[in-house]
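Shown next, in structure tokens, is the structure this report addresses.
Residue numbers (full-length UniProt numbering): 1 to 355.
Structure (structure tokens):
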């Protein structure tokens, strides 16, 4: 049996105090971001995070009121402090609907917590009253450390921390975009561009990898414009403005592609808006695809070709995974990928020169 990794060993390896290690691994402030990252990376390399975790012990006086696992019937749903990641969102809101349905089927309660009120997460909740936690979207590394140290089983949806092992659920982003790119290549397109900030999320990055791999597999050279995978925007108005500047430049250089593969539907709708404004017809001059199949995708003009994501099923499967984890705390961590469906609508057609 391997020897237990201690905080002192991590401290010696990094060259900091045991106190600094304790703060970093408990998710508390007082350690610089660079030092925290070094400590977490070292802890990961030494195997600290794969050691069995137990709930913190409580005093004898508090044991009397402590709930058993059977009495814990509340699931925390943790949502980042991002404006579009709300229950009203046509994407995130549907995932939360699926979580709600899954919890109701199992007669469990739900408490929604947004990340901006979790500065004192340990004081906000009673771990002995919580059965588990579902993180929807990007959850900070610091907060995940705090949750782990509370001994609460947790599952992440559409996010994966490279240093803190957990069960995670994603759409099969890689394969879905490979299928989209393959469809466009089969329609005669050879000049394609990916659109979306690949550092925005793990899902965006996996979609980018799927796009690249299919072009490489088909022997099609990729001359990706870096500004299209780096641009930012907190809403459609900002994204449209930023994309317009990029597309105008492409148009001026006579380097407009015949197809844009967008990382999600909102970006794709913004791209269609820009192209139409600049007099570029979709799809006869340029095809556009999205991802997620939000409600606006079928309402866009032209209707958007996209990948259908069963968002409710993603939420319900997350509940099933969490309940399995509660019953099997020492079981191997799982990465679950749900398949999507490519929907061909009006925003795509054969490449202009192939028609």
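Ideal Cβ positions, reconstructed from N, Cα and C, are used throughout, including at glycine.
If the five residues before and after residue 260 are omitted, its C-beta is found closer than 6 Å to the C-beta atoms of 193, 195, 271 and 288, all from its own chain and listed in chain order. For residue 211, the uninterrupted alpha helix (DSSP H) run begins and ends at 202–217, by DSSP. Under DSSP, residue 193 takes part in a beta bridge, and its partners are 260. At the C-beta level, residue 96 and residue 131 stay beyond 7 Å of one another. Exclusion of the five residues before and after residue 273 leaves 240 as the residues of its chain whose Cβ lies within less than 7 Å of its Cβ. Distance check between residue 153 and each of 341, 343, 327 and 351 places 327 closest, using alpha-carbon atoms only. The beta carbon of residue 40 sits closer than 6 Å to the beta carbons of 163 from its chain, once the five residues preceding and following it are set aside; these are given in chain order. The straight-line gap separating the alpha-carbon atoms of residue 92 and residue 230 is approximately 23 Å. Setting aside the 5 residues that flank it on each side, residue 103 is surrounded in the same chain by 75, 109, 110 and 319, each with a C-beta closer than 8 Å to its C-beta; the list follows chain order.
The DSSP assignment places 259–262 and 287–289 as complete runs of the beta strand (DSSP E) inside the segment 242–298, in order along the chain (cut-off: 3 residues). Residue 254 counts as exposed, since fewer than 16 other C-beta atoms from the protein chains shown sit within 10 angstroms of its C-beta. In the three-state scheme derived from DSSP, where H, G and I count as helix and E and B as strand, residue 161 is classed as coil. Following the DSSP letters along the chain, one finds residue 147 inside the alpha helix (DSSP H) bounded by residues 141–150. Looking at 296, 177 and 214, the one whose alpha-carbon comes closest to that of residue 236 is 296. With contacts defined as CB atoms closer than 7 Å, residue 302 and residue 266 fail to qualify as a contacting pair. In this structure, residue 127 sits near residue 150, with a CB-CB distance shorter than 7 Å. Straight-line measurement puts the Cα of residue 329 at about 43 Å from the Cα of residue 304. Within 10 angstroms of the beta-carbon of residue 263 lie 16 or more other beta-carbons, which makes it buried. Under the three-state reduction of DSSP output, residue 6 falls in the coil class, being neither helix nor strand.
Bridge pairing for residue 305: 289 [DSSP].
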